[in-house]
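In case it helps, my numbering puts the sequence shown at residues 529 to 741. Note that beta-carbon positions come from the ideal geometry of N, C-alpha and C, so glycine has one too. Please read the structure below before turning to the comments.
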Amino acid sequence: MKPRYSNYPIGKLLLHVIDQSGLSPKEFFAELGFNNFSKALERLDCWLAYGEGNQLLIERLQSSRFAIDRDRLTAAMAENDVLLQREREVVARREEDEARQSFRPHVEVIPELSRPTQITMFCFTGGNQRFNIGLPDDISAWTWEDQLAYLKQVVPENFAKHRGRTFFTGSIVGYLYRPTFDGDPIWLTITGEIDTQGEPISASRSVAYLRWH
């Protein structure tokens, strides 16, 4: 087995246990019941590289003569969780910054179906982004009356252009106006009017369209 290293507490602990076992890595994993050495290494590498992985490795280790002291394992996993959470927060901030920088005001279509009739083709073709409407970058600075007037012009044009339908999610039943990144979307009818009857956006409904960045 080539030299391995981990930045994660649980990864370091696993490597220490293997090193102190007095067995070769292949013998060690065989004793844990892993007959496929390559597969066992894949499980280990996942823990080493990402700080999380298939629990079967931990379960078999804890059922063997190499079991880690429970308090020590609990402490390592707690440290691990803190590190993983910190990394996730960094990733989330980076993704939000990228999304914010690339955001452009737009209008999204609201489709009839919450689930595409052909999921693979829907994703392959970019979802419903092709039906969305790009807007002037400074539209949020316009007067509200000018914004509404513009929407009443471009929304019906879009509806007519696409004959009121999407490719894989049925008819266009409305639109979502997104003038800014942080603001809540505004529901519009197919004529560009404010839809006061618009239902709250649900997770199931949002599946049918992809965010425009």
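- CA-CA distance, P713 to V682, rounds to 17 Å.
- When beta bridges are read from the DSSP output, Y705 appears opposite V635, I714.
- Comparing alpha carbon positions, the residue from I667, R706, P531, I538 closest to L601 is I538.
- Spanning the alpha carbons of L584 and R658 requires a straight line of approximately 44 Å.
- Cβ-Cβ distances below 6 Å link S549 to F556, F594 in the same chain, with the five nearest sequence neighbours on each side left out; the list follows chain order.
- Close CB contacts of T717 within its chain, under the 7 Å cut and outside five residues either way in sequence, are with G702, D723 (chain order).
- If only complete runs of 4 or more residues are kept, the segment 532-592 shows the alpha helix (DSSP H) at 537-548, 553-559, 565-578, 583-590, in order along the chain.
- Counting C-beta pairs closer than 8 Å gives three or more between the segment 629-643 and the segment 677-695, which meets the contact rule.
- Considering only S630, G698, F709, the residue with the shortest C-alpha distance to S668 is F709.
- Minimum Cα-Cα distance from Y678 among the listed residues S630, P707, S592 corresponds to P707.
- As the crow flies, the alpha-carbon of F631 is around 39 Å from that of R571.
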